[in-house]
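K.L.:
Taken in order, these protein sequences are the chains called A and B. Here this note's numbering = 1-based position in the first sequence + 16. Here this note's numbering = 1-based position in the second sequence + 45. For every residue, glycine included, the Cβ atom is placed at its ideal position computed from N, Cα and C.
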Amino acid sequence: NAGVTQTPKFRVLKTGQSMTLLCAQDMNHEYMYWYRQDPGMGLRLIHYSVGEGTTAKGKVPDGYNVSRLKKQNFLLGLESAAPSQTSVYFCASSSGQGGSFEYEQYFGPGTRLTVT
Amino acid sequence: AQSVTQLDSHVSVSEGTPVLLRCNYSSSYSPSLFWYVQHPNKGLQLLLKYTSAATLVKGINGFEAEFKKSETSFHLTKPSAHMSDAAEYFCVVKQAGTALIFGKGTTLSVSS
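#1: Can you find a CB in chain A that lies within less than 9 Å of the CB of residue 106 of chain B?
#2: What residues in its chain sit with their C-beta under 6 Å from that of residue 160 of chain B, if we drop five residues either side in the sequence?
#3: Cβ closer than 8 Å: which chain B residues qualify as neighbours of residue 46 of chain A?
#4: Taking Cβ-Cβ distances shorter than 7 Å, what residues in chain B pair up with residue 121 of chain A?
#5: For a test of the three-state rule: what should DSSP assign to residue 101 of chain A, helix, strand or coil?
#6: Check for me: the beta strand (DSSP E) holding residue 127 of chain B runs from which residue to which?
#7: Would you call the region 101 to 109 of chain A and the region 49 to 64 of chain A in contact, with 3 or more CB pairs under 8 Å?
#8: Hey, residue 51 of chain A and residue 65 of chain A are a contact pair by Cβ (cut 8 Å); roughly how many whole angstroms apart?
#9: Please list the partners that residue 57 of chain A has in chain B, where partner means a Cβ-to-Cβ separation under 7 Å.
#10: Any beta carbon of chain B sitting closer than 9 Å to that of residue 61 of chain A?
#11: With a threshold of 9 Å between beta carbons, is residue 124 of chain A in contact with chain B?
#12: Does residue 127 of chain A pass the burial test, meaning 16 or more other C-beta atoms within 10 Å, or should it be called exposed?
#13: For the region 83 to 92 of chain A and the region 24 to 42 of chain A, state whether three or more C-beta atom pairs, one from each stretch, are separated by less than 8 Å.
#14: Starting from the beta carbon of residue 88 of chain B, find every residue of chain A whose beta carbon is closer than 7 Å, and list them in chain order.
#15: What are the boundary residues of the beta strand (DSSP E) that residue 111 of chain B is part of?
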């Protein structure tokens with residue numbers, strides 16, 4: 017049981033390049049999330065998904081796209097990378113979010129992205 | 046709208062002394078509150094959570110937190126710090142139907 021995994025662990029991009037970050041979970045969780053972490057800012061939600069085939073915007077969605085074609089995978093895409101997207105990206109998953117709001121989010125180890 | 050404020054960006058303690066990391070929250074409804082820990086170059090791990098049961102919540106590694114509604118606080122404490130406690134700690138608030146709102150983090154340093 018690997019939990020939440022992220023690939024790649026590190027990446028350096030040039031401005032304007034594109035890339036996709038992959039998140040996978042083996043806990044059969046319905047909900048998945050992408051956050052970015054910047055110094056002194058905590059974690060901020062980019063996009064999230066409440067189930068296979070669904071996505072929704074979080075607090076800082078601009079410049080990112082996501083897809084959830086399979087329940088276990090949540091992809092984060094950068095179509096045209098900018099230096100402002102230099103950050104550490106974390107994926108998380110949880111079993112639910114609705115009426116019982118104490119569902120714990122499980123986090124992956126993070127992807128460190130640098131855009132030059 | 047809900048929000049969370051961690052009152053100290055950096056706390057330094059000596060090994061064996063108590064730890065206090067302060068967190069205040071703002072929420073229109075009864076929130077769920079969490080503390081997460083992040084060790085250097087690692088992901089986030091849940092320390093403890095409050096979900097409207099007992100106001101004193103015990104977590105892993107000897108940490109505990111007390112929910113005080115009148116003070117809108119959820120401070121994290123530990124009686125005796127260990128070197129391995131050095132990490133960044135995040136206070137998090139969640140309402141039903143919304144995602145997690147993270148504080149900006151408190152870096153805990155532990156000296157021998």
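P.N.:
This is what the structure gives:
#1: no
#2: Missing from the structure shown is residue 160 of chain B; chain B here goes from 46 to 157 and no further.
#3: Correct list: empty, because the minimum Cβ distance to chain B is about 14 Å.
#4: 145
#5: helix
#6: That residue, residue 127 of chain B, is in no beta strand (DSSP E); it is neither H nor E in DSSP.
#7: yes
#8: No, residue 51 of chain A and residue 65 of chain A are not in contact; Cβ-Cβ is about 13 Å, not under 8 Å.
#9: 149
#10: yes
#11: yes
#12: buried
#13: yes
#14: 106, 123, 124, 125 and 126
#15: 109 to 113
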